[in-house]
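Participant: Just so you know, we're using the UniProt record's numbering here: the sequence shown kicks off at 1 and counts up by one.
Glycine included, C-beta positions come from ideal geometry on N, C-alpha and C.
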Amino acid sequence: MASSSSSFIHKTSFKYDVFISFRGEDTRTSFVDHLYHALKHENIETYKDDENLERGKKISKELIQAIKDSRFHVIVFSKNYASSSWCLDELVKIIECQKTPTEHIVYPIFYRVEPTEVRKQSGEFGKAFSEHKNDEASRKWKEALIEATSLSGRELRTTADGHEAEFIKLVIKEISSRLPTVCADGNLIGMRSRINDVVSFLNTFTDEICMIGLTGMGGSGKTTLARAVFDHISNEFEGSSFVENVQEFSNSLEFGLKSLQQQVLRGVLNKKDIIKGSFVLDDVDHIDQLKALAGEPNWFKSGSRIIITTRDKQVLIAHKVNLIHDVNLLTDKEAICLLSRCAFGTEIPSPEYKELSEKVVSSSLCDADEDVWIDTLEELEKIPLDGTLQRLELSYKGLDTNCREIFLHVACILKTWTKERVIKVLESCGYHAKRGLKKSLITTRDGYLDMHHHIQEMGRYIVRRLHFEEPNKHSRLWIERKLLIYLLGTNEAIRCIKLISSELNPEIVMKGLRNMKQLRFLQVFDRELFKKNWRIDEDEDCFQRNWKPDEVCEYFPNTLRWLAWQGYPFKSLPKSFQANNLVALEMSCSKLVQLWECTNKKVLNKLKFLDLRHSKLKNLDLGLTPNLETLSLIGCSDLVELRMHVECPKLIYLELGNSKLTTFDLQGTPNLVALHLENCFDLVELHVPVECRKLESIHISGSKHLTFEGLRISRKLYLRECADLVELHIPIECLKLVSININTSKLRTLDLRGTPYIEELHLGECVDLVELHIPVECLKLVSININGSKLRTLDLRGTLNIEKLHLYKCVDLVEVQLPIESLKLVSININGSKLRTLDLRGTSNIEKLFLRECVDLVELHIPFECQKLISININLRTLDLRGTSNIEKLCVKRCADLVEIHIPFECLKLVSINIYGSKLRTLDIRGTLNIEKLFLKKCVIW
Numbered sequence: 001m002a003s004s005s006s007s008f009i010h011k012t013s014f015k016y017d018v019f020i021s022f023r024g025e026d027t028r029t030s031f032v033d034h035l036y037h038a039l040k041h042e043n044i045e046t047y048k049d050d051e052n053l054e055r056g057k058k059i060s061k062e063l064i065q066a067i068k069d070s071r072f073h074v075i076v077f078s079k080n081y082a083s084s085s086w087c088l089d090e091l092v093k094i095i096e097c098q099k100t101p102t103e104h105i106v107y108p109i110f111y112r113v114e115p116t117e118v119r120k121q122s123g124e125f126g127k128a129f130s131e132h133k134n135d136e137a138s139r140k141w142k143e144a145l146i147e148a149t150s151l152s153g154r155e156l157r158t159t160a161d162g163h164e165a166e167f168i169k170l171v172i173k174e175i176s177s178r179l180p181t182v183c184a185d186g187n188l189i190g191m192r193s194r195i196n197d198v199v200s201f202l203n204t205f206t207d208e209i210c211m212i213g214l215t216g217m218g219g220s221g222k223t224t225l226a227r228a229v230f231d232h233i234s235n236e237f238e239g240s241s242f243v244e245n246v247q248e249f250s251n252s253l254e255f256g257l258k259s260l261q262q263q264v265l266r267g268v269l270n271k272k273d274i275i276k277g278s279f280v281l282d283d284v285d286h287i288d289q290l291k292a293l294a295g296e297p298n299w300f301k302s303g304s305r306i307i308i309t310t311r312d313k314q315v316l317i318a319h320k321v322n323l324i325h326d327v328n329l330l331t332d333k334e335a336i337c338l339l340s341r342c343a344f345g346t347e348i349p350s351p352e353y354k355e356l357s358e359k360v361v362s363s364s365l366c367d368a369d370e371d372v373w374i375d376t377l378e379e380l381e382k383i384p385l386d387g388t389l390q391r392l393e394l395s396y397k398g399l400d401t402n403c404r405e406i407f408l409h410v411a412c413i414l415k416t417w418t419k420e421r422v423i424k425v426l427e428s429c430g431y432h433a434k435r436g437l438k439k440s441l442i443t444t445r446d447g448y449l450d451m452h453h454h455i456q457e458m459g460r461y462i463v464r465r466l467h468f469e470e471p472n473k474h475s476r477l478w479i480e481r482k483l484l485i486y487l488l489g490t491n492e493a494i495r496c497i498k499l500i501s502s503e504l505n506p507e508i509v510m511k512g513l514r515n516m517k518q519l520r521f522l523q524v525f526d527r528e529l530f531k532k533n534w535r536i537d538e539d540e541d542c543f544q545r546n547w548k549p550d551e552v553c554e555y556f557p558n559t560l561r562w563l564a565w566q567g568y569p570f571k572s573l574p575k576s577f578q579a580n581n582l583v584a585l586e587m588s589c590s591k592l593v594q595l596w597e598c599t600n601k602k603v604l605n606k607l608k609f610l611d612l613r614h615s616k617l618k619n620l621d622l623g624l625t626p627n628l629e630t631l632s633l634i635g636c637s638d639l640v641e642l643r644m645h646v647e648c649p650k651l652i653y654l655e656l657g658n659s660k661l662t663t664f665d666l667q668g669t670p671n672l673v674a675l676h677l678e679n680c681f682d683l684v685e686l687h688v689p690v691e692c693r694k695l696e697s698i699h700i701s702g703s704k705h706l707t708f709e710g711l712r713i714s715r716k717l718y719l720r721e722c723a724d725l726v727e728l729h730i731p732i733e734c735l736k737l738v739s740i741n742i743n744t745s746k747l748r749t750l751d752l753r754g755t756p757y758i759e760e761l762h763l764g765e766c767v768d769l770v771e772l773h774i775p776v777e778c779l780k781l782v783s784i785n786i787n788g789s790k791l792r793t794l795d796l797r798g799t800l801n802i803e804k805l806h807l808y809k810c811v812d813l814v815e816v817q818l819p820i821e822s823l824k825l826v827s828i829n830i831n832g833s834k835l836r837t838l839d840l841r842g843t844s845n846i847e848k849l850f851l852r853e854c855v856d857l858v859e860l861h862i863p864f865e866c867q868k869l870i871s872i873n874i875n876l877r878t879l880d881l882r883g884t885s886n887i888e889k890l891c892v893k894r895c896a897d898l899v900e901i902h903i904p905f906e907c908l909k910l911v912s913i914n915i916y917g918s919k920l921r922t923l924d925i926r927g928t929l930n931i932e933k934l935f936l937k938k939c940v941i942w
């Protein structure tokens, strides 16, 4: 049999976005009519059959074709849906399509019927279906109904409190998100979702004047999006105008700003009165243009919409634009969709081309498959398409010199670094980083710098193209395997090097560095060392060569400002290295024993950041680094001496771990903000001078015999595994303290009455704790977690905003006093206590309640209405859950005296019941229609 490649081609080009299947007499002029017009309003092409067919008439070939030609099938199950054999035949065809590999999506809507009625053909729905009991097709109709109800959809009764308008909005939102990102004209990828985002922004300002700025780099689609939104909304306004190329025309001698003003006025004026209108100002680059064309809000009537596109976000901020919307380039998914449509005529590539398409989109190459395709991909990576470059480079050319250099640094070297760290690097190299990073070419995601990989490739190409065949003449090198050889050439132009390799050869690196007279930034990273969990084994040659670390040929350029070498192989810095310009030194996992040889000590006056984590450091004299701001010495297990005999007035962050220090005096660090001392098992004495008034965060762990002198509690205090800590004195007023975390200590009492702004309290394994004093008014406290204490009572009446209360294995606890109202309390977990009663009547928003192994508990008061409670695990004699209609999980274990459980009459969300070891007499679960798991073990049920 001949194979057919067409079997791998997915049909993805549909005539209709949505096909609505419905029972006309139930919903045609009401719900379905509203849904249909809402879909059309969102530019979603929808098929709705409005024919009234005679009973018994078969569905036409045209209708079957319409079903096949629709991507999304919305089935509106109503009371009389099943009375129509026409509807049921439609349903069968829809389910058949859904099972084919053609991307059909089925979305059931349960309109005033419940899913169980449809699935089981019961209730009113069942009565309608019973009319077909003798039909030959009834079996396949039942199967189709069961199949449809197993799919994800929406039920009107349980959504948006049954309000149809809100329900339809949610349905539209879900359908839009699941439809492919194709514009209504069928040509542009990713446009529909972008249009909807902007329109939804505009709709939040119903009767107000709204300006929205669309910002992004050149070629990102700002103008196209603005035009699409303009076309979408302009017919709703009395006047409208689209002003293109504002930057170009405003600087033109022939046209100028006055000409543009006239264009706006012609579009939005009517008999000299400025009315409600909409207009677009495209490609603005200076605030003067906005002042001239959209100067003051009183120029426009309420409800007007002004859309501005610009590559410079600061122009929008300066003009106080209401909303700023970043227009991003295509996502990888959208790019694959576009590539596939052009290459294969479908929106999703066939399986054999899927991996290749992903490589083309991401420009990520694999060393396998040395064929023509891979060669082509490598060329694409080296030389992006000229047309694409020209569009993207418009934004780059619009930047000033400082911002251009910052952009190239990020594109070539610093992408994925934290914003805070990048600012330090750039400022150390003499750039105005904070201002430059605000430009639209660079984004921040969760604190890390990011940019679309197309933009990154554009930046790297700008650096490469000046000397295509001579990487040694590039200003920046992000070294790959092929480029290591260029380190031996003349490299006078190189200012930044990022060397990440699995075949690192320090000899080549050092020899190459001798010729780099302008080098400012050097990052060396050994992948092999990273694979060994950042540890250097002294008995193992980590560098795979006959390299002797004691050779004297090591060299660093004196121009270096940022030096980061993970796994540095020498015991000290090179003798020839003056380091007069060095701002940061990062040598984690290195063999560095001391900064300089004893006879060659040099003061590093500009050094601000020193990171020697997991190094072989034995001693450090901070007199050599008078302007140090951050110091990290975690994992320096050989460290025996840290000299602070002079002031370090700029030191704000100090991190020390696993050292052999026995005493530590912070004298001379008046501006210290954060102190971290981890696993310093030999540390017995810590001196914190009174002058340390800025100290905010203290983390200390593993110090067994630690005593504090002069300690002033900061915002955050963490004392972990300080096993011999028996006493902690907190100042009478400690207004800044917000978080305390103490575990594995011998504290017997803890007085927090001077900490009215405490927010989090965690006391773990403080097994001797018998007394805890909390402020009378403790309005900020939201979380309490106490584990294994000897507390007998806990007074929380002043914690009106408590959200989480977790008390684990407090075996002596007999009483917990809660506020009369704890409306924010959502989670209670009290395990293994001696509580006899617990009053929760003020906790109407409780969601999770766990009272395991509370064998003395005989009385529990739950709010009459406890609609948010979804999970309960408890020991009790009687349990009344009639106010908890949203309960999902019920677990009752080892309740030997449990004789009675009251479950709400309608408990439709309860899916799991687990009752173990009780004396239940009755159990009524008739209202739990959706129950999935029922476990009754060792229960004597009468």
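Can you tell me whether Thr444 is buried or exposed, with buried defined as 16 or more other CB within 10 angstroms of its CB?
Facilitator: Exposed, since its Cβ has fewer than 16 Cβ neighbours within 10 Å.
Participant: What number of angstroms, rounded off, separates the C-alpha of Asp197 from the C-alpha of Arg71?
Facilitator: Between Asp197 and Arg71, the C-alpha separation is close to 22 Å.
Participant: DSSP on Lys222, reduced to helix/strand/coil?
Facilitator: In this structure, Lys222 counts as helix in the three-state DSSP scheme.
Participant: For Cys589 and Thr669, what's the separation of their Cα atoms in angstroms?
Facilitator: Answer to the nearest angstrom: the Cα atoms are 27 Å apart.
Participant: Check Asp371 in the structure and name its three-state DSSP category.
Facilitator: In this predicted model, Asp371 has a pLDDT of only 43, less than 50, meaning its place in the structure is not dependable; the value taken from the coordinates is given anyway. Three-state DSSP puts Asp371 in coil, outside helix and strand.
Participant: Taking just the CA atoms, how far does Ile862 sit from Glu147?
Facilitator: Spanning the two alpha carbons is a distance of roughly 40 Å.
Participant: Closest by CA to Trp478, which one among Arg464, Lys498, Leu929?
Facilitator: Taking only the C-alpha atoms, the option nearest Trp478 is Lys498.
Participant: Over what stretch of residues does the alpha helix (DSSP H) that includes Gly436 continue unbroken?
Facilitator: Residues 433–436.
Participant: Going by Cα to Cα distance, which pick from Thr928, Glu906, Glu900, Thr922 is closest to Ile913?
Facilitator: When each option's Cα is compared against that of Ile913, the closest is Thr928.
Participant: So, under 8 Å CB-CB, Leu257 and Gln289 are touching, yes? Tell me the CB distance rounded to an integer number of Å.
Facilitator: Yes, Leu257 and Gln289 are in contact; Cβ-Cβ is about 7 Å, under 8 Å.
Participant: His41 lies in the beta strand (DSSP E); which residues open and close that run?
Facilitator: Run containing His41: none in the beta strand (DSSP E); it sits in the alpha helix (DSSP H), 31–41.
Participant: Going straight from the alpha carbon of Lys616 to that of Lys660, what length do you get?
Facilitator: C-alpha separation (whole angstroms): 12 Å.
Participant: With a CB to CB cut of under 8 Å and the five nearest residues on each side skipped, what residues in its chain are close to Ile931?
Facilitator: These residues qualify, in order along the chain: Leu910, Val911, Ser912, Ile913, Ile925.
Participant: Spatial neighbours of His104 within its chain, please: CB distance less than 6 Å, with the 5 preceding and 5 following residues excluded, ordered by chain position.
Facilitator: Excluding residues within five positions, the ones whose Cβ falls inside 6 Å are Cys97, Gln98.
Participant: Note down the Cα distance separating Gly221 from Ser822, rounded to an integer number of angstroms.
Facilitator: The alpha-carbon atoms of Gly221 and Ser822 are separated by roughly 50 Å.
Participant: Short check: CB of Cys496 to CB of Ile413, under 8 Å?
Facilitator: In this structure, Ile413 lies closer than 8 Å to Cys496 by Cβ.
Participant: Going by DSSP, what residue range makes up the beta strand (DSSP E) through Thr116?
Facilitator: Run containing Thr116: none in the beta strand (DSSP E); it sits in the alpha helix (DSSP H), 115–120.
Participant: DSSP three-state label for Leu779, please.
Facilitator: Coil at Leu779, not helix or strand.
Participant: Please report how far the alpha carbon of Asp550 lies from the alpha carbon of Leu513, in whole angstroms.
Facilitator: For Asp550, the predicted model reports a pLDDT of 46, less than 50, meaning its position is unreliable; a value from the coordinates is still stated below. One C-alpha to the other measures close to 18 Å.
Participant: Check whether the region 454–464 touches the region 423–440, taking contact to mean three or more Cβ pairs, one atom from each stretch, closer than 8 Å.
Facilitator: The answer is no - the region 423–440 does not touch the region 454–464, with fewer than three Cβ pairs under 8 Å.
Participant: Assuming Ile500 and Phe525 form a contact by the criterion Cβ under 8 Å, report the distance between their Cβ atoms to the nearest whole angstrom.
Facilitator: With a Cβ gap of about 5 Å, Ile500 and Phe525 count as contacting.
Participant: Just the C-alpha distance for Met211 and Gln247, rounded to the nearest angstrom, thanks.
Facilitator: Roughly 18 Å between the two C-alpha positions.
Participant: Grab me the residues of Ile59's own chain with a C-beta within less than 7 Å of its C-beta, minus the 5 sequence neighbours each way, in chain order.
Facilitator: Answer for Ile59: Trp86, Asp89, Glu90, listed in chain order.
Participant: With three or more beta-carbon pairs closer than 8 Å as the criterion, would you say the region 161–177 touches the region 293–309?
Facilitator: Touching, no.
Participant: Checking the sheet assignment: what are the DSSP bridge partners for Asn600?
Facilitator: Looking at the DSSP assignment, Asn600 forms no beta bridge with any residue, so it has no partner.
Participant: Are the beta-carbon atoms belonging to Val899 and Arg921 less than 8 Å from one another?
Facilitator: Yes, these two residues count as a Cβ contact at 8 Å.
Participant: For Cys648, list the residues DSSP reports as bridge partners.
Facilitator: BP columns for Cys648 are empty, so no partner.
Participant: Just to confirm my understanding: we take Pro775, look at its own chain, exclude 5 residues before and 5 after, and list those with CB closer than 7 Å. What are they?
Facilitator: Around Pro775: Leu752, Arg753, Thr755, Pro756, Gly798.
Participant: Alpha helix (DSSP H) containing Thr510: first to last residue?
Facilitator: For the sequence presented, residue 510 should be read as Met rather than Thr. First-last of the alpha helix (DSSP H) with Met510: 506–513.
Participant: Out of curiosity, what's the CA-to-CA distance linking Phe110 and Val171?
Facilitator: Distance between the alpha carbons of Phe110 and Val171: 12 Å.
Participant: Given a cut-off of 8 Å, decide if Ser632 and Arg613 are closer than it, judged by their beta-carbon atoms.
Facilitator: Cβ atoms of Arg613 and Ser632: closer than 8 Å.
Participant: Using a Cβ-Cβ cut-off of 7 Å (strictly less than) and excluding sequence neighbours within five positions of Arg882, which residues of its own chain qualify?
Facilitator: Taken in chain order, the residues that qualify are His902, Pro904.
Participant: In whole angstroms, what separates the C-alpha of Val593 from that of Phe407?
Facilitator: So the alpha carbons of these two residues sit roughly 37 Å apart.
Participant: Within 10 angstroms of its Cβ, does Ile462 collect 16 or more other Cβ (buried), or is it exposed?
Facilitator: Flag for Ile462 reads buried.
Participant: Is it buried or exposed for His325, if we count other Cβ within 10 angstroms and need 16 for buried?
Facilitator: So His325 ends up on the buried side.
Participant: Give the straight-line distance between the Cα atoms of Asn627 and Pro649, rounded to the nearest whole angstrom.
Facilitator: Cα to Cα, Asn627 sits roughly 7 Å from Pro649.
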